[in-house]
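In this note's numbering, each number is its position in the sequence shown, counted from 1, plus 39.
Even glycine gets a Cβ: it sits at the ideal position worked out from N, Cα and C.
None of these values were measured; they are calculated from a predicted model.
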Amino acid sequence: MTTRMPDNGHEFVLVANRLPVDVTVADDGVVSWTRAPGGLVTAMQPVMAATRGAWVGWSGAPDLDAVPFTDGDVELVPVRLAAADIAGYYEGFSNDTLWPLYHDVIAAPRFHRPWWDDYRRANAVFARAAAEQVTPGGTVWVHDYQLQLVPAMLREMRPDLRIGFFLHIPFPPLEIFDQLPWRRQVIEGLLGADLVGFQRAGDTANFLRVVRRLTDLETRGPLVLQRGGRTVRAQAFPISIDARGFDGLARTPAVQRRARALREELGDPKVMLLGVDRLDYTKGIRHRLKAYGELLAEGRLAPEDTVLVQVASPSREKVGAYQQLRDDVEVLVSRINGDFATVGHSPVQYLHQSFPMEEMAALYLAADVLLVTALRDGMNLVAKEYVAARSDERGALVLSEFTGAADELTAALLINPHDIDGTKDAIVAAVTLEPREARRRMRKLRRRVLNHDVAAWSSSFLTALRSTDA
């Protein structure tokens, strides 16, 4: 398979499922775009501007034909996906097959052959779009689980390219990955890259073990030796946030005032706990609520003096497992409030909505303890946002050991969220931390987050990619 070399292409092309903008289509058919927030957008903006690169991604609207356009110094290249392709490629194979499989089968993955066909077809669309944008000998960086076939497809179209791939979610152990009927095709897709990046060293080890099991290729340390002399490097590159930008936001007078106002609106509780998650079964929200309810019932936390603010932003509401999760969470919240609320005070404030970053920074500043109880998480950037916001060196972080962040944020109070009693003990320990110990822990956490920000992440990956054999 070959493709036309672009006459006026880009030396650097990023490929992701979505563009860094949100699309709005008016009733009269007029299309408008607005900048979308997100860590990847923040990380790549300087790189894209310096290289005058192109970003290839889906617009977010089905059946939309949109021509490439420029946003600042970056050319955005919309990929057209039909409604049927989105249902099978994105909602089906990506989010109802790969997502649960890669997150330790917390929910059962579904294996439907038509979804696989849609996934393969959509990946080919992204690969062709990238191939048409990049100059001879250029670099393409492909992102995440929705596009795992793109590297090999792109390699076949354009063998002249340097190709990187980064997986933002966990890569599962062999015993779980083996369940995928198309396991070999996915691995062959990833091996089209020169560099395959993961969040954790454990994910890298899982990948290399799968390569040894499913192929006859030799591995030497982090290298996979391909036929023809090409090598593929697998390596961990833990992602981060715009830490200094978030730190600066949290220091602004407006955010500081809002943080104080939030405590007042909650009735000035002695203890404010905070959970911030997408409403996803991987986040352990049910486990968190169970532990909290038991602490209230046992009197280890006083219901009249304590509040848990749980932000659960809407997610994949068309998927049955997510609909069931929302029902379960709302029943648990109602039960806790029914048992322990008093007139004028509810021990759980449940917010099924999303908030702007200014409000999130204020919530982080207002909270005494952030609870991260994910059952499996590639990184968990909420934990890093909380740390970046705490320039006062106050607060405490209770962090699941099953997050990528746990490898870095070792000064947090680490938990196994399946161990409800251990989680309860950690919450009480966080609430009762001696101020000097709390400052010592937060100072260490902030040093790590501020020194290893999202710019360092993207720079380290691209440096490693440039050092691979051309």
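Open item on the list: Since Val181 and Ile202 should fall inside the 8 Å C-beta cutoff, what is the C-beta to C-beta distance between them, to a whole number of angstroms?
Closed with: Distance from Val181 to Ile202 at the Cβ level is roughly 7 Å; contact confirmed, criterion being Cβ atoms closer than 8 Å.
- [ ] Please report how far the alpha carbon of Asp61 lies from the alpha carbon of Arg487, in whole angstroms.
- [x] 32 Å
Open item on the list: Among Thr449, Ala495 and Ser497, whose alpha-carbon lies nearest the alpha-carbon of Arg479?
Closed with: Thr449
Open item on the list: Could you check whether Ala401 and Ala435 sit closer than 8 Å to each other, using their CB atoms as the reference points?
Closed with: With contacts defined by Cβ atoms closer than 8 Å, Ala435 and Ala401 do not form a contacting pair.
Open item on the list: Among Arg429, Ala75, Gly48 and His326, whose alpha-carbon lies nearest the alpha-carbon of Leu58?
Closed with: Residue Ala75 holds the alpha-carbon nearest to the alpha-carbon of Leu58 among Arg429, Ala75, Gly48 and His326.
Task: Identity of the residue in Tyr331, Gln362 and Val116 nearest Gly99 by Cα - done: Nearest of Tyr331, Gln362 and Val116 to Gly99, Cα basis: Val116.
TODO: Can you tell me the Cβ-Cβ gap for Val225 and Val54, rounded? I've got them flagged as a contact below 8 Å.
DONE: Val225 to Val54, Cβ: 17 Å. No contact.
Task: Coarse secondary structure for Thr41, derived from DSSP in three states - done: Because Thr41 carries a pLDDT of 42, less than 50, the predicted location of this residue cannot be relied on, and the following value inherits that uncertainty. It is coil, neither helix nor strand.
- [ ] Enumerate in chain order the residues of its own chain whose CB-to-CB distance from Ala191 is below 7 Å, with the five nearest sequence positions on each side excluded.
- [x] Only Glu227, Gly228, Leu230 and Gly231 meet the Cβ criterion.
Task: 3-residue-minimum beta strand (DSSP E) runs that sit fully inside the region 446-485, ordered along the chain - done: 452-454
Task: Length of the line joining the Cα atoms of Arg365 and Asp319 - done: 9 Å
Task: Element boundaries [alpha helix (DSSP H), containing Trp155] - done: Trp155: member of the alpha helix (DSSP H) spanning Arg152 to Ala170, first to last residue.
TODO: Assign Thr136 to one of three DSSP states: helix, strand, or coil.
DONE: helix
TODO: State the start and end residues of the unbroken alpha helix (DSSP H) segment that holds Met196.
DONE: Secondary structure note for Met196: its alpha helix (DSSP H) is the uninterrupted segment Val189 to Met196.
Task: Gly96 in three-state terms, based on DSSP - done: strand
TODO: Counting only runs of 3+ residues fully inside the region 193-269, write out the beta strand (DSSP E) ranges in chain order.
DONE: Segments of the beta strand (DSSP E) lying fully in the region 193-269: 201-205, 234-237, 257-259 and 262-264.
Open item on the list: Would you say the beta carbon of Arg167 is closer than 7 Å to some non-hydrogen atom of the ligand HEM?
Closed with: Among the components of this structure there are no ligands whatsoever, and the ligand HEM is therefore not found.
- [ ] Please report how far the alpha carbon of Lys483 lies from the alpha carbon of Leu489, in whole angstroms.
- [x] Computed Cα separation, rounded: 10 Å.
TODO: Jot down the residue ranges of each uninterrupted alpha helix (DSSP H) in the region 262-346, minimum 4 residues, whole runs only, in chain order.
DONE: Residue ranges of uninterrupted alpha helix (DSSP H) with 4 or more members, entirely inside the region 262-346 and ordered along the chain, are 282-290, 292-304 and 324-337.
Open item on the list: My output table needs one value for Pro85: the three-state DSSP class, helix, strand or coil.
Closed with: helix
- [ ] Please confirm if the region 147-162 is in contact with the region 129-136, defined as three or more CB-CB distances below 8 Å between the two stretches.
- [x] yes
- [ ] Pull up the DSSP beta-bridge partners for Tyr389, would you.
- [x] According to DSSP, Tyr389 bridges with Gln349.
- [ ] Indicate the three-state DSSP secondary structure (helix, strand or coil) for Gly434 in the structure shown.
- [x] coil
Task: Where Glu50 sits in the DSSP three-state scheme - done: Of the three classes helix, strand and coil, the one that applies to Glu50 here is strand, per DSSP.
- [ ] Report all residues from its chain with a CB closer than 6 Å to the CB of Ser393; omit the five preceding and five following residues, and keep chain order.
- [x] Ser352
TODO: Provide the residue span of the beta strand (DSSP E) that contains Ser71, from first to last.
DONE: Val70 to Arg74
- [ ] In angstroms with no decimal places, state the Cα-to-Cα distance between Arg415 and Pro277.
- [x] Linking Arg415 to Pro277 through their CA atoms gives a straight-line distance of about 15 Å.
Open item on the list: Please classify His457 as buried or exposed, where buried requires at least 16 other C-beta atoms within 10 Å of its C-beta.
Closed with: exposed
- [ ] Compare the Cα-Cα distances from Pro85 to each of Thr507, Ser498 and Arg505 and report the closest residue.
- [x] Residue Ser498 is the option with its Cα nearest to Pro85.
Task: Own chain, CB closer than 6 Å to Leu328, minus 5 neighbours either side, in chain order - done: Leu371
Open item on the list: Three or more C-beta pairs under 8 Å: does that hold for the region 287-296 against the region 254-265?
Closed with: The region 287-296 vs the region 254-265: no contact.
Open item on the list: If you reduce the DSSP assignment to three classes, tell me which class Thr507 lands in.
Closed with: coil
Task: C-alpha gap between Met481 and Glu303, whole angstroms - done: 24 Å
Open item on the list: Going by beta-carbon coordinates alone, are Ile375 and Gly323 separated by less than 8 Å?
Closed with: no
- [ ] For Ser439, write down the residues that DSSP places opposite it in a beta bridge.
- [x] Ile454, per the DSSP bridge assignment.
Open item on the list: Going by DSSP in three states, Ile145 sits in which element: helix, strand or coil?
Closed with: Ile145 falls in the coil class under three-state DSSP.
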